[in-house]
Structures are given as C-alpha cells and as structure tokens.
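**Student:**
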Amino acid sequence: MARLGSLRTHPARDHPRNDRTMNAAKIVKLSKRLAHDAGAPVRLRDVDLTQKLPKKEYKERRKAFQEQLLRLQLEIRNRHIPSVLAIEGWDAAGKGGTIHRLVDKFDPRSYHVHPIAAPTQEELAHHYLWRFWRDLPPRGRIAVFDRSWYGRVLVERVEGYAKPAEWKRAYEEINQFERQLAVDGNIIIKFFLHISRDEQKQRFAARSSNPLKAWKMTDEDYRNRRKWGQYEEAIDEMIAKTHTPHAPWYVIPANDKRYARVAVQQICIYRFSQALAQRT
335 MARLGSLRTH PARDHPRNDR TMNAAKIVKL SKRLAHDAGA PVRLRDVDLT QKLPKKEYKE
395 RRKAFQEQLL RLQLEIRNRH IPSVLAIEGW DAAGKGGTIH RLVDKFDPRS YHVHPIAAPT
455 QEELAHHYLW RFWRDLPPRG RIAVFDRSWY GRVLVERVEG YAKPAEWKRA YEEINQFERQ
515 LAVDGNIIIK FFLHISRDEQ KQRFAARSSN PLKAWKMTDE DYRNRRKWGQ YEEAIDEMIA
575 KTHTPHAPWY VIPANDKRYA RVAVQQICIY RFSQALAQRT
C-alpha cells in the first residue's frame, strides 16, 4: 500500500512558488516523499488523519499541479496512452470535490468522469464488470470513475446484494480485469479517501442543513454509517487483496479536504510522469 507522508517540502528548493511549472525531476522528488509504492498494504486504522495543508500553500500547489497535470494529459494523449482512475472513499469523504480539482484544467475532449450509481436492470442482467468495460477509455484518453467496480466487494458485500461466494471470488476477477488493462498499456491509479467517523458526522450535518447540498444526502448514507465497522473490515480486505504493482491503492487522509485534493493531484503527476518516462 502506498503510504502517505507530509506534503510539506523544503520551500527553497521544492515549493511551487519558486517554480510554477514544476519540472519533472522536482515532481518525482516531491511525489516520492508522498507515495512509496513498496510495502505491505496499510490498514485504515494506521492512517494519520491529522494531515493538513494551509490554505495559502494549498492554492499555490493546486495551481502549479493543475498546470502540470494539463501538460501531462496532453502528452498522454499525444502518446496514445489510456489511463484509468478509480476514486473510492467513505460517504462525504470529498470524492466529487477531489475529482473536480483534479480535472479542472484538463482538455475536456480527452477525459471523461463516470459517476457510478446502483446498477440498472439491464446492467444487473450482465456480469457486474460489464458496465465498466463499456466506459473504459480509448487510447490517449483518461477515464475517472467516481466509485467503481469495487462496489462488488464493498456495498454489495455489506448490504447482501452479492452472495458470499460472489464477492469472495470478485477479488481475483478484479485483479484479472486490472491486469488485462495494464498489459494493454493502461495507467491504473486507485484512491481511497479516508475520513474519521466523527468527521463524517460533521459533514453529514453540514450537508443536511444546507439547502444547496441537502440533495447529496440519502437514506443509504445513514444506513452505511450505522455499519461503519463492517465497511471498515470490507475496505481493509479489499485493499489487502487488490493492491498490486500495476494497480496500487493510495489511501488518502481526507479529514482535511485541501490536503486530500493536493495529494491526489501529486500522486497522479508522479504516476503519469513515471509511465511516460518508462515508455520513451
């Protein structure tokens, strides 16, 4: 599991205010401090949720990283490399906001965000991976999944929509699915946005009291919250069984939204840069 460290770096050498475009060497250096691909999968209880990023530093990093992400997106398109990003996380963990900041400066012709809801009757009539195969990106494009095929081993497992035999074999099915994508040249990046139960409670309350955000709340959100322990167990097992070298998981401390957004941007820069360098 990729372990996350502090986003703070030496300002004289690494801070975006000193180099708005952030050259490739600095991006790799910064990102290696944030994400280390080696090591055993981490459990949620071991994640440091106190990580924060000051507002001023967040704005500087966000602007610099968005510019760098656009450059990388254009290079990925020119090199005809497909990319698949899966964004998972607790309810109210900030998935939508994180995705918005990630793709904000992208060329809209070369990416697509797929918000995943409950399967339709047509989708239920097929293998559960069928609907995701349809949305995989063509070469040179980026597909961002707001929730993903991992619902099979999360909500479908906990809520009983999938039988034990079905969700237990899904780990290997998913590993094979992602292995096929990797062999075919896809860059695969998977994130889980982790927040505390108390933080989720506060965000639920804030959403419910805001007329412009209350629509985000559903009965399912409260149902899932009551089963926090079961979901935590399912998430830990999901990460342990599907964290692979070609499709690693990155667990993002997301109690602080600014930290989470920049962490996701930075890891994508690292992975995109790494993939481009390996394919020269």
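Reading the sequence shown from the start, the letters are residues 335 to 614 in this note's numbering.
The C-beta atom is built at its ideal place from N, Cα and C for all residues, glycine as well.
Does the region 580-595 touch the region 525-538, meaning 3 or more C-beta pairs lie closer than 8 Å?
**Tutor:** The region 525-538 is in contact with the region 580-595.
**Student:** Taking Cβ positions, are PRO416 and ASN558 nearer each other than 9 Å?
**Tutor:** Not closer than 9 Å, so no.
**Student:** With burial defined as no fewer than 16 other Cβ atoms inside 10 Å of the residue's Cβ, what is the status of ASP380: buried or exposed?
**Tutor:** Classification for ASP380: exposed.
**Student:** Can you tell me the Cα-Cα spacing of GLN612 and ALA516, whole angstroms?
**Tutor:** Near 14 Å, if we compare the C-alpha coordinates of ALA516 and GLN612.
**Student:** Mind checking who PRO388 pairs with in its DSSP beta bridge?
**Tutor:** Paired residue(s): none; PRO388 is not in a bridge.
**Student:** Measuring only the C-alpha atoms, how far is ILE601 from LEU546?
**Tutor:** Cα to Cα, ILE601 sits roughly 31 Å from LEU546.
**Student:** Among the candidates ARG396, GLY431, GLN510 and LYS390, whose CA atom is the shortest distance from the CA of THR578?
**Tutor:** Selected option, being the one with the closest Cα: GLN510.
**Student:** Mapping DSSP to helix, strand and coil, what is TRP583?
**Tutor:** Residue state, collapsed to three classes: strand.
**Student:** Can you have a look at ARG531 and say buried or exposed, based on whether 16 or more other CB atoms are within 10 angstroms of its CB?
**Tutor:** Under this definition ARG531 is an exposed residue.
**Student:** Any contact between the region 429-437 and the region 482-498? By contact I mean 3 or more CB pairs, one from each, below 8 Å.
**Tutor:** These segments do not touch.
**Student:** Take the Cβ of THR454 as the centre, count every other Cβ of all protein chains shown within 10 Å, and call the residue buried at 16 or more, exposed below.
**Tutor:** It counts as exposed.
**Student:** Among the candidates LYS390, ARG395 and LEU404, whose CA atom is the shortest distance from the CA of PHE606?
**Tutor:** The option with the nearest alpha carbon to PHE606 is LEU404.
**Student:** TYR565 to GLY474, Cα distance in whole Å?
**Tutor:** Approximately 35 Å, taken between the alpha carbons.
**Student:** If contacts are defined as beta-carbon pairs under 8 Å, then MET698 and SER542 qualify, I think. What distance do you get, rounded to the angstrom?
**Tutor:** With the chain covering 335 to 614 only, the question about residue 698 has no answer from this structure.
**Student:** Using only the alpha-carbon positions, how far apart do ASP570 and VAL376 sit?
**Tutor:** One C-alpha to the other measures close to 8 Å.
**Student:** Taking DSSP as the reference, what is the three-state secondary structure of ILE508?
**Tutor:** Helix, per DSSP.
**Student:** If distances are taken between C-alpha atoms only, which option among ALA451, PHE440 and GLU567 comes closest to ASP480?
**Tutor:** When only C-alpha atoms are compared, the closest one is ALA451.
**Student:** Determine the direct distance from the alpha carbon of ASN412 to that of GLN599, and round the result to whole angstroms.
**Tutor:** Approximately 21 Å, taken between the alpha carbons.
**Student:** Of all the CB atoms in chain D, is at least one closer than 9 Å to the CB of HIS580?
**Tutor:** Reference to chain D is not applicable here, since this structure consists of a single protein chain.
**Student:** Under 8 Å by Cβ, that's how I've got ALA568 and LEU488 pegged, so tell me the actual separation to the nearest angstrom.
**Tutor:** Contact flag correct, Cβ pair sits at about 5 Å.
**Student:** Could you give the distance in angstroms between the alpha-carbon of ILE560 and the alpha-carbon of GLY428?
**Tutor:** This sequence places Arg at residue 560; Ile is not what is there. If I take the Cα positions, the gap works out to 19 Å.
**Student:** By a C-beta neighbour count over all protein chains shown, 10 Å radius and 16 as the cutoff for buried, is PRO472 buried or exposed?
**Tutor:** With fewer than 16 other Cβ atoms within 10 Å, it is exposed.
**Student:** Whole angstroms are fine: how far does the CA of SER444 sit from the CA of VAL478?
**Tutor:** C-alpha separation (whole angstroms): 11 Å.
**Student:** Taking the beta carbon of ALA548 as the centre, do at least 16 other beta carbons fall within 10 Å, making it buried, or is it exposed?
**Tutor:** Flag for ALA548 reads exposed.
**Student:** Quick check on the DSSP output: the beta strand (DSSP E) that includes SER530 runs from which residue to which?
**Tutor:** Per DSSP, SER530 belongs to no beta strand (DSSP E) and is neither H nor E.
**Student:** If you count every other CB in all the chains shown that lies within 10 Å of the CB of PRO582, and 16 or more means buried, which is it?
**Tutor:** Buried: at least 16 other Cβ atoms inside 10 Å.
**Student:** By DSSP, does LEU408 sit in helix, in strand, or in coil?
**Tutor:** Correct three-state label for LEU408: helix.
**Student:** Looking at the structure shown, is SER417 part of a helix, part of a strand, or coil, going by DSSP?
**Tutor:** Three-state result, SER417: strand.
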